[in-house]
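Structure record follows, encoded as structure tokens.
Numbering (my numbering), first residue to last: 65 to 645.
Printed below as a string of structure tokens:
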């Protein structure tokens, strides 16, 4: 049964392009041929152990290489780790059994290096290109050349990726540092610019209010760190220190500017209040004095060119009828502006006033100013409007023959009417007669009275009277104004502010350009020499000599050793390939 188990596992497998007989199968065949079971099992076990040791040796080499890479990665920056991570998938040894497999593996690695190189150059990395390393490969040297080339290409890719990562990391750090710098500058400068703008507005307002301002200049220099040569986090930390120092200085400048502006505003407001009070008082005084001056000037003009006149009119009788039984009364009124007058007289029958007569008219005159307060008054005529008689009581006198006459100053009759005194009536006269009487009067001077009408009221007792007029120059020179004294203006004040500026926040330097070197590989697959045909299992069995036990055992030992060695190599290669994959 044991021999049959070995026979049942007889198989052929393909490793690469060669067909190999399984070690255990061949061993079984040899044992069956020799007839010794224990020796065959023992030899198969030994051959498998040898194969396993070979594979383990190669596995240990790979593991040692991987440990070395992992240990090295702990000493690089995060950028280095990024580069190693991107190359980790290709940093494994490649199993190549044939030249074609080796060429494909190297070409794949070369493409990875080319892609990384292109990406790095696009990011500004300087790539130094060595001459092409040409490899001639056949099946015999495929594994060795492939491992050597792919290992070198993995290293090249790692170097390029590391330089690219550092280039990007340094650029990102510089860009971030400068972006944070610009943002800090923009924000801080906006605050200071606004404060300066407000201060300049206040300076202008103060100047308009009469307050001049002295402006001093002061530069604040923060304690900046030198950014030369810094990269990565060191650059970001130094930039943050500088930003903090810059913002503190800008805040100090902004606060000081606002404080100066506030003090200037308060100083100006205080001065404006005092000035406003002075100006209000001055305006009041000026207004009152101006009004007094204007009134004086107007009064003076009116006085110099005045035509102010007062007309005095008097009517009286020449006969003595001012008392007694037949007492009568004659009065006259005149309007100084228009010259219109009213003459009134009573009709007395000895018992009562039976009626009243009214004569109306107008004195025609002109007043001309002489430009010095004197006037020339000229009377040019008299106009009579009408005569109205109003009956008041019954005429008890036996004599009812009443007649009323009006004459000019030359005795010419202008109007007459006869009546009995018992009936009211109205008579229109509408007559004008000329006069030519002139007076030149100084301010306050009155002319002499002159008669212009004569009245005859004939009845029981004739009452003869006359009407006289006189003119008075009423122009009066104005008194000088009593001016109020001017108020005292407030003392001038001087403002003081400081124009603050802050030394500019330094920028991060452009980071140093990273470099890497690559050596391209070109693989040429050489043609393989012709291989002898592989014997089939039947041919192998047939080729075994049919001898006795000693000869069988001897031949079997030699064949088993050869086949065990081949099986060991095949198994080691197969296991190594599986472990790598």
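Cβ atoms here follow ideal geometry from the backbone N, Cα and C, with glycine treated the same way. Remember, it's a predicted structure, so these values are computed and weren't measured experimentally.
- In the DSSP assignment, residue 558 falls within the beta strand (DSSP E) that extends over 558-566.
- Setting aside the 5 residues that flank it on each side, residue 322 is surrounded in the same chain by 259, each with a C-beta closer than 6 Å to its C-beta; the list follows chain order.
- The Cβ atoms of residue 176 and residue 219 lie no closer than 8 Å to each other.
- Assignment of beta-bridge partners to residue 419 by DSSP yields 411, 455.
- With fewer than 16 other Cβ atoms inside 10 Å of its own Cβ, residue 544 counts as exposed.
- When secondary structure is reduced to three states using DSSP, residue 198 falls in the strand class.
- From the listed residues 273, 253, 459, the smallest Cα separation to residue 558 is found for 273.
- The residue among 553, 208, 286 with its C-alpha nearest the C-alpha of residue 346 is 553.
- Between the C-alpha atoms of residue 485 and residue 418 there is a straight-line separation of about 7 Å.
- Excluding the 5 residues flanking it on each side, residue 353 has same chain C-beta neighbours closer than 8 Å at 545, 547, 548, in chain order.
- Under the 10 Å beta carbon count, residue 519 is surrounded by 16 or more other beta carbons and is classified as buried.
- Nearest to residue 269 by C-alpha distance, out of 335, 250, 213, 204, is 335.
- Burial check for residue 245: the Cβ neighbour count within 10 Å reaches 16 or more, so the residue is buried.
- Taking C-beta atoms as the reference points, residue 359 and residue 437 fail to come closer than 8 Å.
- Ranked by Cα distance from residue 448, the first of 516, 241, 503 is 516.
- For residue 314, the enclosing alpha helix (DSSP H) starts and ends at 296-368.
- Within the DSSP bridge table, the entry for residue 479 names 470 as partners.
- In the three-state reduction of the DSSP assignment, residue 505 falls in the strand class, which pools E and B.
- If you look at residue 166, you'll find it in the alpha helix (DSSP H) that goes 163-186.
- Judged by DSSP in its simplified three-state form, residue 256 adopts helix.
- Residue 428 is bridged by DSSP to 445.
- Closest by C-alpha distance to residue 297, out of 536, 528, 350, 240, is 240.
- In the three-state reduction of the DSSP assignment, residue 524 falls in the coil class, being assigned neither a helical nor a strand state.
- A residue is called buried when at least 16 other Cβ atoms come within 10 angstroms of its Cβ; residue 409 meets this threshold and is buried.
- Taking C-beta atoms as the reference points, residue 445 and residue 499 count as a pair closer than 8 Å.
- With 16 or more other Cβ atoms from the protein chains shown falling within 10 Å of its own Cβ, residue 213 counts as buried.
- One alpha carbon belongs to residue 452, the other to residue 422, and they sit about 5 Å apart.
- The beta carbon of residue 538 sits closer than 7 Å to the beta carbons of 372, 373, 374 from its chain, once the five residues preceding and following it are set aside; these are given in chain order.
- Between residue 189 and residue 592, the C-beta gap is not smaller than 8 Å, which leaves the two residues out of contact.
- By the neighbour-count criterion, in which a residue is buried when 16 or more other Cβ atoms sit within 10 angstroms of its Cβ, residue 303 is buried.
- Between the alpha carbons of residue 370 and residue 433 lies a distance of about 6 Å.
- Rounded to whole angstroms, the Cβ separation of residue 493 and residue 503 is 27 Å, and the two are not in contact under 8 Å.
- Taking a cut-off of 8 Å for Cβ pairs, the region 559-575 and the region 243-257 touch, as three or more such pairs fall below it.
- Annotation: residue 512 to residue 367 spans about 23 Å, alpha carbon to alpha carbon.
- Apart from the 5 residues on each side of it in sequence, residue 454 sits with its Cβ closer than 7 Å to the Cβ of 419, 420, 488 in its chain, given in chain order.
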